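Participant:
Numbering (UniProt numbering), first residue to last: 1 to 340.
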């Protein structure tokens, strides 16, 4: 972004910001909806408006719904079919693809293995992790189930599609933070991003452990999360007034939220908001729920030291300096996925 376009964009963004400062005081009953096509547009005004609307939402509730993200209906349907097929197989087959030495970063992770930070009861779920298609610098290779050949193709295609959408969103975030548009590019290239296919298995209401839920209240570890539409309701976000509000997206949308790493980098200017997946009503507990988030991570050597532009007398620095790798390691231990 250079020359006249850069000047026009910056002036327009500054003027637009004056009109939305009060948005940070809004208590949303639902998350804002945005169109990624606006950011990709050649129209500087549309692009600037997207940047400021995205930033305002992330400064407030930390969540948005995004359309024109690149996923097709066919890919989505194929992916969910592959995921359901894998999770419906027998336990012994699934456990063939569980490798504790990978600390849950690749392959299958069985039931009751992940416990949210600050909780003592494990989440009621099982999941499967897919990482970089072409790992570098000691990253583990992906693990794919031999019994379901379509699983590999569908998960990797989805991984690439959501990674591309995530990079575009990070370009918008960079502009909102008054950084070069490509600020995050070299930091997320070959990053530690994860596609997680989650199965919230059917529950017997008489056997659910006290205090156990499908996903206890938590913040995500990464920069941003891109969540494909789930197969059932249950996702809730904790609004800053302490009220939990349900989050849903239209069929053509994905949900995007700020993770803890971006929160740290921006000194809590962009907010990683606590969210959870609650258990369904008793009469629906015997129904499964499937969800597929993409956790956009940088490379482990990214410096998460708070940006100087996000620190002021009014907003003093609240986080200690740390790399993305050190922060991820700390959180994996807190989740119980890494023991040593």
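Idealized CB from N, CA, C, for every residue including glycine.
Quantities reported herein were computed from a predicted structural model and do not represent experimental measurements.
Using the rule of at least 16 other Cβ atoms within 10 Å of the residue's Cβ for burial, across every protein chain shown, is residue 27 buried or exposed?
Facilitator: In the chain shown, the residue the question calls residue 27 occupies position 27. Per the 10 Å Cβ criterion, exposed.
Participant: In the structure shown, what three-state DSSP assignment does residue 39 receive?
Facilitator: Translated into the one-based positions of the chain shown, residue 39 becomes position 39. It is helical.
Participant: Exposed or buried, what is residue 255 when buried is set at 16 or more other beta-carbons lying within 10 Å of its beta-carbon?
Facilitator: Residue mapping note: residue 255 aligns to position 255 of the chain shown, counting from 1. Buried: at least 16 other Cβ atoms inside 10 Å.
Participant: Quick one: measure Cβ to Cβ for residue 203 and residue 322, integer angstroms, because I've assumed they're closer than 8 Å.
Facilitator: Counting from 1 along the chain shown, the entry for residue 203 is found at position 203. Counting from 1 along the chain shown, the entry for residue 322 is found at position 322. Not really, about 37 Å apart at Cβ, beyond 8 Å.
Participant: Quick one: residues in its chain with C-beta nearer than 6 Å to the C-beta of residue 191, no 5 flanking neighbours on either side, listed in chain order?
Facilitator: As a position in the chain shown, residue 191 is number 191, starting the count at 1. Hits under 6 Å: 297, 298, 299.
Participant: Compute the distance between the beta-carbons of residue 304 and residue 224, then report whether it is under 8 Å.
Facilitator: The residue you call residue 304 lines up with position 304 of the chain shown. The residue you call residue 224 lines up with position 224 of the chain shown. Not a contact, by the Cβ cut-off of 8 Å.
Participant: Taking the C-alpha atoms as reference points, what is the distance between residue 208 and residue 236?
Facilitator: Your numbering for residue 208 matches position 208 in the chain shown. Your numbering for residue 236 matches position 236 in the chain shown. Their Cα atoms are separated by approximately 20 Å.
Participant: Could you spell out the range, first to last residue, of the alpha helix (DSSP H) harbouring residue 82?
Facilitator: Numbered from 1 along the chain shown, position 82 holds the residue referred to as residue 82. That run of the alpha helix (DSSP H) goes 73–87.
Participant: Near residue 198, what residues of its chain come up, given a Cβ to Cβ distance below 6 Å and the 5 sequence neighbours on each side ignored?
Facilitator: For this step, residue 198 is matched to residue 198 along the chain shown. Correct list, in chain order: 125, 127, 291.
Participant: Please report how far the alpha carbon of residue 244 lies from the alpha carbon of residue 238, in whole angstroms.
Facilitator: As a first step, residue 244 is located in the chain shown; it is residue number 244 there, counting from the start. As a first step, residue 238 is located in the chain shown; it is residue number 238 there, counting from the start. For residue 244 and residue 238, the distance between alpha carbons rounds to 5 Å.
Participant: So, at 7 Å on beta carbons, what are the nonlocal neighbours of residue 70 in its own chain, with the 5 sequence-adjacent residues on each side left out?
Facilitator: The residue given as residue 70 occupies position 70 in the chain shown. Here the set comprises 161, 164, 165.
Participant: Between the Cα of residue 91 and the Cα atoms of 47, 145, 194, 132, which residue gives the shortest distance?
Facilitator: The sequence position of residue 91 within the chain shown is 91, counting from 1. Ranking 47, 145, 194, 132 by Cα distance to residue 91 puts 145 first.
Participant: Helix, strand or coil for residue 296, going by three-state DSSP, please let me know.
Facilitator: Within the chain shown, residue 296 is the residue found at index 296, counting from 1. Residue 296: strand per DSSP, three-state reduction.
Participant: Does the beta-carbon of residue 180 have 16 or more other beta-carbons within 10 angstroms, so that it is buried, or is it exposed?
Facilitator: Taking the first residue of the chain shown as position 1, residue 180 is located at position 180. Classification of residue 180: exposed, given that the 10 Å Cβ count is below 16.
Participant: Residue 4 to residue 281, Cα distance in whole Å?
Facilitator: As a position in the chain shown, residue 4 is number 4, starting the count at 1. As a position in the chain shown, residue 281 is number 281, starting the count at 1. Note on residue 4: pLDDT 46, under 50, position unreliable in the model; the coordinate value appears next. For residue 4 and residue 281, the distance between alpha carbons rounds to 57 Å.
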